[in-house]
Each structure stands twice: as structure tokens, then as C-alpha cells.
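Colleague: One structure coming up, written as C-alpha cells, with questions to follow.
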Amino acid sequence: MVTWRGRLSFRMFISSKPTHYGIKLYCMCDSETGYICKLQVYTGASAEGREKDHGPNIIKRLSLDFLGRGHVIYMDSHFSSPDLFEHLRKRHFGSGNGLVR
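Its first residue numbered 0, the sequence shown is counted upward by one per residue in numbering that gives the first Met the number 0.
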């Protein structure tokens with residue numbers, strides 16, 4: 000969450016975060032350097048409603064440029080699922096690690 004107090008249609012409010020108001024970002028980072036390799040801004044739910052498998056779909060979109068390179072990805076339980084790990088395995092991503100709910 001990046002602090003943002005101005006006007007913005009997709010500004011988020013999350014009471015459990017230290018920064019209550021802001022822009023929600025999803026980042027894929029290099030574990031050694033901390034460099035952000037890929038970034039996605041959450042702009043709210045689509046017109047059709049809430050996306051099914053929202054968390055795993057974020058990982059799929061962020062990892063597109065890295066498929067077939069043998070990388071290892073670590074993720075939170077919000078993003079991981081058995082279907083996602085199978086998707087990454089089929090596309091020769093390397094491996095994925097995360098708690099599955």
C-alpha cells in the first residue's frame with residue numbers, strides 16, 4: 000500500500016494497515032536485490048464483479064515474462080493454490096512456494 004490522500008477513483012481504505020488510505024500495489028521482486036521486476040496497480044473490481052481466483056491470477060499475470068527460466072517464486076497464502084502451482088509447473092516456471100489455504 001502506497002500512501003495517497005488525494006482524489007483517485009481506485010484509492011483503497013484498509014483499516015488493518017498502518018497506512019489506511021492509499022494505492023494498492025502488487026509487486027514481483029528479486030529476493031537478493033529487492034529490485035521490483037514487475038508491478039501491477041489494483042484499480043478495483045471489474046464491472047462484471049469480483050474476479051474468481053483473484054490472488055492466483057495476479058501471480059499468473061506478474062510471472063508471464065519469467066516463464067521457462069527456472070525461477071522460484073515465494074508467495075503469501077492469499078495468492079497460492081494447487082491450481083496455480085500446476086499452472087506454473089506446466090509452463091516450466093521452476094517452482095512455487097507458499098501456504099495453501
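Positions of the beta carbon are idealized from the N, C-alpha and C atoms, including for glycine. Keep in mind that this is a model prediction, so the values were computed, not measured.
Measure from the alpha carbon of His19 to the alpha carbon of each residue in Ala44, Met0, His86 and His53, then state which is nearest.
Modeller: On the sequence shown, residue 19 is found 20 positions in, with the first residue counted as 1. Looking at the Cα atoms, Met0 is the closest of the given residues.
Colleague: Straight-line CA distance for Tyr73 to Pro17?
Modeller: Here residue 73 refers to the residue found at position 74 when the sequence shown is read from its first residue. Here residue 17 refers to the residue found at position 18 when the sequence shown is read from its first residue. Distance between the alpha carbons of Tyr73 and Pro17: 24 angstroms.
Colleague: Cα separation between Lys23 and Met11?
Modeller: For the purposes of this step, residue 23 is taken as the residue at position 24 of the sequence shown. For the purposes of this step, residue 11 is taken as the residue at position 12 of the sequence shown. Using only the alpha carbons, I get a separation of about 7 angstroms.
Colleague: Any idea which residues DSSP pairs Tyr20 with across the strands?
Modeller: Within the sequence shown, the letter at position 21 stands for residue 20. According to DSSP, Tyr20 bridges with Phe12.
Colleague: So what does DSSP say about Gly93, is it helix, strand or coil?
Modeller: Against the sequence shown, residue 93 aligns to sequence position 94. Gly93: strand per DSSP, three-state reduction.
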